[in-house]
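Residue numbers (the UniProt record's numbering): 1 to 1218. Built from N, CA and C at the ideal position, the CB exists for glycine as well.
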């Protein structure tokens, strides 16, 4: 101790200084990183020292005397203002609190002086140094003995004491100092908001209790109280458990947020009761002063930084209107999934994903040099290894009812990175649990800055593009008669001056128009040279190229240009010249970088046995191999079978080698002798004196040796060719070929070449003059190629048709579940949106609420599953392509799905309000249309009622008003309508028709009852359909409309996951999420001759969708969707044409001419024009434009489509279908 200066009798206690030689492992630099919230929590114990401060930033302290009424014993209350970088906060302390802090620090020092024989203690003791002249000095005389005129001096002494103590790292990080200053590990994380009040309180589990026997002292009776460290942030509250520092819950500020304090409000002395939409929280303070401080601070944020969440909002949504938001729409899945991949790749901190169904092996990008790096599980694993935290919520289905296998998805994702990838499934199907409803929202949120939502699950079958192709045969695709690309191949010995060439024609298809060689310009320009570094030739070690004929004509039925990668010239690798127009060059060069085969990484390169090994992408390889071997043994052409099988079905070249060995099953001497006898007569003999193939040498004298040898020799020459130059020229008709949707080629003989052979063909420059120089007889032995190679777009289970077969065996993701050569895929039409900035934070807030609720229920005490916090990120940058919009996030949630005591149905409210406010037109795309005009006890949502009232209003006022509704032709349930397996399809179809045109409460019926003689002048219903060819056989399939979108007057758009049915709209059933967008950027237009302000976002989205559905390219025809010229003469007329043609060519169902099940059976037995006269059918299909068709309103109108008695579907409650 030491005396004060001459002007005071104060006595001081001096703290020795400790130099900053004891480093902390949590020194983060000038910013406390957001990842700290995911680090292991540290106990509130004096034995632990952890750095929570911003490194390199000092703490400013200002102590003053508070003017509030004095305490009877501790009369002085000191106000301590602290500043740490941008964080400002105030605490209130009495002298006893300063004294307690000083004593704790002195005990800590005493502990350092003890001779504890531990290495850590010795290191601390060595760092104990300092000079008394610079040490913190604490005044020991209590406030009661300080005269009033010395109070300013006392405040200065306390201020200097804190300032000096905070300069020493060990004192600054001491747990008692942190408690004194109300600091925790979450205090200075900038993304969580400003530093606000923190401190220890006594918390009661659950909510407020009622008084017992009029006992007012509820603090002592009937409660279990626990110490908790309570934290106030800008938009949420949280509390930690002191003994381990673990977060125990997060309370989000919302419109139901309320706070009550005091004994009469809470039943607890100094109690505070906090409520939000999900829970109640009761805690008690030690004194009335602390109760007032806590209450004032919480009310301040509720009325300040959290006001946007606590005030009432439009549509009773949880999220406010964001006037500074940005967004981007997506039509169909190709660009949507590509954008998701790019944003995931840019993630630095967190990734949130929630889906109804998630497929880990989904390919997000299907173009580029390496597909596999953009597979969903690969992307998530890569980001997790970089330290990004990935949180995924999956719907936990009833396995007997759905085959989406969420357990497999969870197990697969968790195995990628146990520490950084966390997956929760919900709900649990325990007694009293949720059985009928589902988590149906589809969200991807990255760093709480960008969010994707809409109709796209990250699962199989969703990826598609605007042409909605029906086939995907991968490396075997049918060609047209027009040979659009000419391949010039040179087999040249560099030591020889003689050049011999051969040529053949090859059709190369584009992959999603990415690698298309355009023929828009017929004028040839200078060639573009692409250097293709190809793999070493397979078979180079077994066949001596020196013994080959110096000139040989080779037919190349298949070259996969897409598998070549642009690279620098290497030794013995020659360039591939691509001749043609500028567009052709660009397409070919682009193709050289894209479409690498997806199976290269996922499949296993091994020799496949003939019996029991499985293909990586399809049916059993053993079945295929046995069939091929049997075909060869019987003298047949194995390629006649293999031409129908995509080479992507084989895991490696070893299977092909296995097949080739079967060609060598006869003794070489007999084969060579027989071949020499036959070939020498024609002068086309090829020596194989140095061939050394392994395989069976057993002689089967019954085989036709000559025929087999000629087949064998052609394959060997493809494998062993060296120094080949491929020159691709632009040829007319290429644009028509590139669509690959409606090939008009008559059936022709097909040949193929495996991709792993074509990939190895070394390229060498060749003059185009040599293209016509070869006239070898061997060309006639290999028919002109009518197939070309390309990677599959839909791998394994991703190639699907939901009506033909539902998903099975998802643990074998790369195995096909339907025959690609016989069954077309079901195209998928969907709409998605990306939002940025504050709107993305609202989406993240919904995910956080759901995650925290599920954690509390399922894994509350598991620290591996952390609580999540909403961020505050001002001044977010937005993509340049994103439009400036007014955005509000909407949702349907209830107590089971998000913990909300009062369900939220803001999506339905937004739909109803937008329909009522519509002035000119409404465009709706939705998976279902189940809504009654007059709500009954079964169907309760009000969408149809709002449409009815708005149309009736337009009719009575004689306004021109249009409603377009696009929906699926049939529900996507497995089974055939009219059979026992089609009961589920029929059930949904019944409710759709009951809402549209059947029954007294259907829309069209009610309109007619109200005097609207022609309802179709106001509202019409449509579906989508496409056609194509499978192995030159015409086929058709409906395009499944899965989008959930509404556009009103080209200025308001709703996009989300909510269907038009009770499940999605009521709020207490399926959980959903949507966004309503209103344009801030408008352009003047005219609707039916009336001036209108159209929004850029909504208008561009509608035009894009209309162009796809109608097959149009001219925007001018789409400007006015209200006038008769468009509504009747373009939209309805094209839909009618398409519908009529499809019915005549394919006998499509559903069909207006089929009223009963008996008629349906007879109709299905009728032969189709596509089968009887393909040529005429193709001519008729040329008049089909786009995919738009009419919904047949009379289909099976004389039948009851509800589940019949005895069917398992009849046992299910009706609300399941509505």
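Within the DSSP secondary-structure output, residue 239 pairs in a beta bridge with 230 and 249. Under the three-state reduction of DSSP output, residue 308 falls in the helix class. Scanning 1079, 998, 1217 and 1026 for the CA closest to the CA of residue 1195 turns up 998. When the Cα atoms are used, residue 355 and residue 250 turn out to be separated by approximately 23 angstroms. Contact between the segment 265–277 and the segment 179–187 is absent: fewer than 3 CB-CB pairs across the two stretches fall below 8 angstroms. Nearest to residue 1178 by alpha-carbon distance, out of 1048, 1059, 1036 and 1051, is 1036. Setting aside the 5 residues that flank it on each side, residue 1059 is surrounded in the same chain by 926, 927, 928 and 1044, each with a C-beta closer than 7 angstroms to its C-beta; the list follows chain order. Between the beta-carbon of residue 1152 and that of residue 1193 there is about 7 angstroms, and that keeps the pair under the 8 angstroms contact cut. Every beta strand (DSSP E) of 3 residues or more that sits fully in the segment 314–371 is shown, in chain order, as 322–331 and 350–355. In this structure, DSSP gives residue 1023 an extended state, which the three-state scheme calls strand. When DSSP states are grouped into helix, strand and coil, residue 1096 belongs to the helix group. Non-local C-beta neighbours of residue 1063 in its own chain, meaning closer than 6 angstroms and more than five positions away in sequence, comprise 1069 and 1070, ordered along the chain. Its chain contains 470, 472, 794, 799, 800 and 801 as the residues whose beta carbon lies nearer than 7 angstroms to that of residue 825, once the 5 sequence neighbours on both sides are disregarded; these appear in chain order. At least 7 angstroms separates the beta-carbon of residue 441 from that of residue 1001. Looking from the CA of residue 86, the closest CA among 31, 425, 837 and 437 belongs to 31. Here the C-alpha atom of residue 197 lies approximately 8 angstroms from the C-alpha atom of residue 90. Look at the segment 967–1025 and you find no whole run of beta strand (DSSP E) that is 3 residues long or longer. Of all C-beta pairs linking the segment 267–278 to the segment 908–919, fewer than three are shorter than 8 angstroms, placing the two stretches out of contact. Around the Cβ of residue 1181, a 10 Å sphere holds 16 or more other Cβ atoms; the residue is buried.
Looking at the backbone, the Cα of residue 460 and that of residue 1094 are separated by about 36 angstroms. Taking each of 835, 170 and 1103 in turn and checking the Cα distance to residue 452, the smallest one comes out for 835.
For residue 925, there is no enclosing alpha helix (DSSP H); the residue is found in the beta strand (DSSP E) stretching over 921–925.
Per DSSP, residue 140 is not a residue of any beta strand (DSSP E), being assigned neither H nor E. In this structure, residue 59 sits away from residue 97, with a CB-CB distance that is not shorter than 7 angstroms. The distance from the Cβ of residue 891 to that of residue 870 is about 15 angstroms, inconsistent with a contact at the 8 angstroms cut-off.
Contact annotation: residue 364 and residue 337 have beta-carbon atoms nearer than 7 angstroms. Contact annotation, residue 235 with residue 309: C-beta distance approximately 6 angstroms; criterion of less than 8 angstroms satisfied. Residue pairing for residue 945: DSSP places it in no beta bridge.
The C-beta separation of residue 182 from residue 101 comes to about 12 angstroms, leaving the pair out of contact by the 8 angstroms criterion.
Listed in chain order, the non-local C-beta contacts of residue 274 below 6 angstroms within the same chain comprise 259 and 281, local neighbours out to five positions each way being set aside. About 5 angstroms separates the beta carbon of residue 61 from that of residue 162, a gap short enough to meet the 8 angstroms contact definition. Collapsing the DSSP output to three states places residue 1138 in a helix. For the 7 angstroms CB-CB criterion, residue 1010 and residue 952 form a contact. C-alpha of residue 809 to C-alpha of residue 1066: approximately 34 angstroms in a straight line. Assigned with DSSP and collapsed to three states, residue 951 falls in helix. With a cutoff of 7 angstroms on beta-carbon distance, residue 1203 and residue 987 are scored as near each other.
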